[in-house]
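To keep things clear, I will list the structure first and then write my remarks on it.
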């Protein structure tokens, strides 16, 4: 019984059942042409919303240009149909191509911006396009727009009325399935992590920029397609298609329906198209109602209708059982041959923040299979050094070389691709995701087959299954094997630190930087961690460990360096460094003038 | 020469309204770290409040200023109560959406009450103008600049000379520390939103006479304020004023050269260029970026 309930309630089936039910319910009492027109509109808006789910839902980028790409698609299709008598065979692809091309150009200045910069920059682009449509009268017909666009015709078949509606819904099904596939894949997992915690995404080696770019282009292309369909459906185009109203509807569809979900977009589309028709009282107040709805949804149902339904399902039926059988694999680990070439080498690296010196001409080398400790008082530049090596902060001067490759100034994701992994001083995990998936996502860089591989697969993503299997092996190696299916947020602090380490190791790195791994760990937990780290060392992994806990480092590290006010004041074996007067002075707190103090302590 | 003076005058009067809008935007930004997408709609609300009030009293527009600022300030408070405070522990996107939604509600409420026609309110002091040399100088333009300057001056006093101003600046510099020092955060947020609303309302009153105002103009003012803030250096109060004047000058002169629509489009392209090459603004150094 429960199985049947699950089958109905699971994933994409619920929305399909909803859509079919709604279709029948609304078609029956209505006159056919009117019903067909409405349902075609629902399909077009569903498509627009599905597109927005990629950039906003998956990538979490708050674009305000989705309505503009819809308008661009509409104008392109209208112009092509009017000027050259093109049919749907060519107008639809042309609309998609132009929208994607435009998105590619726009992405250069806009895509690396974050949060409000991105939102407003995309709004600015939408505004430019609107002005263009109004102002370039010779091409666009100005405020009056263009009329007389023929209904859709594909492959020689005229698709008006029923045919047009079915074609539009087929496209919805296609795009919806693609979204569903991506969401359930390893790539979807990566999107989930980068949306929740960008640091976690970087640590897992998720190619954040590439995924954002792909999502932005997908959104633009799908919006263009929806715009082209709209033009064929209503026969006219005017600057209204570029108005902010379209964007508002798009937000309502995704936020009220359910962010990132195929079913959310379809439900939301029903809502924005049918609600004004059903409640004629709203005539003239439609946008007012949309605004109120949007505000209520964001305040009280942040996960939207579908998200709330999913929560209800979880409460009534319990969480979906995790039944997947995982093949057993040995831990990933390329053989790290002993070579003399250092894994990490810093050459005269300097970094200043305003007038504050964070790093001053730091030079050091870390060979394979070495545990390299980094100590120093608060604010001595330890974390900055880790950030410079991992590419979070570019150095002002000097070079960072990883395994012979100069990575100075490269973005974090590119440095990560060179085999550099890290953990953070404060834990950055996806708390709601399972322990297993927090590690599995880190396999994204190594496993073959990207977004297109995912789309070509029908059913469960094999790449995700493999990533999970390999993640199990890594978790076992760190003593977390039994906790794989718990949410990461429910682990005790010590285990969360080991989980971060597991995620770093799952990337198969040659160099791992650990920022205060022992902080907040009990003595036995520290001892366990140290033992694990020694095992990793025997496999040839190089490790840089930043810690305040001298006891932990002195017994673990092969060499230790001490930073003071951004300068390297001592480097050597733990014993040497412990006795070094400069180190003692740094810890007494007299800084570089502390030699006198060191003399005094003798 | 005359043309240049004429243009400069209209640029200054336009810029002074942009400056008021942008100042409100920065105040909220500094107090709450939130981007208020409804700032432009507050201008519209203020403007239409002035339009509605002016036939009732047969007095110059300037008399209405306190009432309009009070009204728009109240809307600002409602905005913070409804669309910001409940969401301040959520990701920033939630606040983007809630302020956009609030803006839509305000815009369409105005539309429902006043209709879509552009409207105008009574002049600030008097209609007509005088001539300085060959340049025609409208009283309205002069009154706009003077009123905006006076409001900016008052705001300056408020920020620099009062306990509230010190607290706001402390919060803007480091919200964590401010909280640790026991600065009451919620009242500060409410006042910041109220001020933002009042300033936007004042801007609405100023433009409602000089230019026609229509309910859908909000997005335009919001974008102009945002561009002013980006150009002036993110979160810098006086940078925003300068940025506002700069874009108004750019807009007026570009419009005279290549037409209104092209000038607008050019302005957005400039914004994109600034974001691309100098994300920290073109005035002054990057504000305290830290690791």
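Chains as they are written, first to last, in my numbering: chain P, 69 to 670; chain H, 106 to 396. Using N, Cα and C, we set each Cβ at its ideal position, and we do this for glycine too. From a predicted model like this one, the values you see are computed outputs, not experimental measurements.
Residue i at chain H interface by Cβ criterion, 8 Å
i	result
residue 195 of chain P	yes
residue 120 of chain P	no
residue 485 of chain P	no
residue 655 of chain P	no
residue 652 of chain P	no
residue 466 of chain P	no
residue 130 of chain P	yes
residue 104 of chain P	no
residue 397 of chain P	Reliability fails at residue 397 of chain P, whose pLDDT of 45 lies under 50, so the model's placement of it is uncertain and no value is given.
Residue(s) in a DSSP beta bridge with residue i
i	result
residue 630 of chain P	P:443, P:638
residue 226 of chain P	P:221
residue 473 of chain P	P:470
residue 12 of chain P	Because chain P here runs from 69 to 670, residue 12 of chain P falls outside it and cannot be looked at.
residue 421 of chain P	P:424
residue 530 of chain P	Residue 530 of chain P pairs with nothing; no bridge assigned.
residue 433 of chain P	P:413
residue 581 of chain P	P:490, P:612
residue 502 of chain P	P:555
residue 158 of chain P	Answer is none; residue 158 of chain P lacks a bridge partner.
residue 465 of chain P	P:418
residue 64 of chain H	Residue 64 of chain H falls outside the range modelled here, since chain H spans only 106 to 396, and no answer is possible.
residue 128 of chain H	DSSP lists no partner for residue 128 of chain H.
Amino acids of chain H, ordered along the chain, whose beta-carbon sits closer than 7 Å to that of residue i
i	result
residue 183 of chain P	197
residue 323 of chain P	202
residue 316 of chain P	209
residue 624 of chain P	Neighbours of residue 624 of chain P on chain H: none; closest Cβ ~26 Å, over 7 Å.
Amino acids of chain P, ordered along the chain, whose beta-carbon sits closer than 8 Å to that of residue i
i	result
residue 213 of chain H	353, 355, 356, 359
residue 328 of chain H	188, 191, 192, 195
residue 191 of chain H	367
Listed by chain order, chain P residues near residue i by CB distance under 7 Å
i	result
residue 324 of chain H	312
residue 369 of chain H	199
residue 188 of chain H	363
residue 123 of chain H	Neighbours of residue 123 of chain H on chain P: none; closest Cβ ~15 Å, over 7 Å.
Presumed contact (8 Å Cβ cut-off) between residue i and residue j, rounded CB distance
i	j	result
residue 190 of chain P	residue 201 of chain P	Wrong, their Cβ atoms sit about 17 Å apart, outside the cutoff.
residue 412 of chain P	residue 430 of chain P	In fact, because the Cβ distance is near 12 Å, the residues do not count as touching under 8 Å.
residue 568 of chain P	residue 497 of chain P	7 Å
residue 312 of chain H	residue 376 of chain H	Between residue 376 of chain H and residue 312 of chain H the Cβ distance is about 21 Å, and since that is not below 8 Å, they are no contact.
residue 443 of chain P	residue 318 of chain P	So it is not a contact: roughly 53 Å between Cβ atoms.
residue 177 of chain H	residue 293 of chain H	At roughly 19 Å, the Cβ-Cβ gap does not stay under 8 Å, so residue 177 of chain H and residue 293 of chain H are not in contact.
residue 305 of chain P	residue 142 of chain P	5 Å
residue 179 of chain P	residue 136 of chain P	Contact doesn't hold; Cβ gap of about 15 Å is too wide.
Within-8 Å CB hit, residue i to chain C
i	result
residue 187 of chain P	Reference to chain C is not applicable here, since the protein chains of this structure are P and H.
Beta carbon proximity, residue i to chain P, threshold 8 Å
i	result
residue 147 of chain H	no
residue 217 of chain H	yes
residue 127 of chain H	no
Cross-chain neighbours of residue i in chain P, by beta carbon under 9 Å
i	result
residue 292 of chain H	Here the premise fails: no neighbours, minimum Cβ distance about 22 Å.
residue 376 of chain H	188, 189, 192
residue 140 of chain H	183, 184, 187, 188
Interface residues of chain H facing residue i [CB-CB closer than 8 Å]
i	result
residue 177 of chain P	377, 378, 380, 381
residue 634 of chain P	Neighbours of residue 634 of chain P on chain H: none; closest Cβ ~12 Å, over 8 Å.
residue 370 of chain P	195, 199
residue 40 of chain P	There is simply no residue 40 of chain P to check, as chain P begins at 69 and stops at 670 in what is shown.
Where residue i meets chain H, residues with beta-carbon distance less than 9 Å
i	result
residue 319 of chain P	202, 205, 206
- Task: Could you name each continuous alpha helix (DSSP H) segment of 4 residues or more that falls completely within the stretch 130–192 of chain H, going from the start of the chain to the end?
- Result: 144–158, 170–184
- Task: Jot down the residue ranges of each uninterrupted alpha helix (DSSP H) in the stretch 169–207 of chain P, minimum 4 residues, whole runs only, in chain order.
- Result: 183–203
- Query: Of all the alpha helix (DSSP H) runs that stay within the bounds of the stretch 261–290 of chain H, which reach a length of 4 or more residues?
  - Reply: 268–278, 280–285
- Query: Of all the alpha helix (DSSP H) runs that stay within the bounds of the stretch 117–166 of chain P, which reach a length of 4 or more residues?
  - Reply: Counting only runs of 4 or more, we get 134–152.
- Item | Start-end ranges of the beta strand (DSSP E) lying completely within the stretch 252–320 of chain P, minimum 3 residues | none
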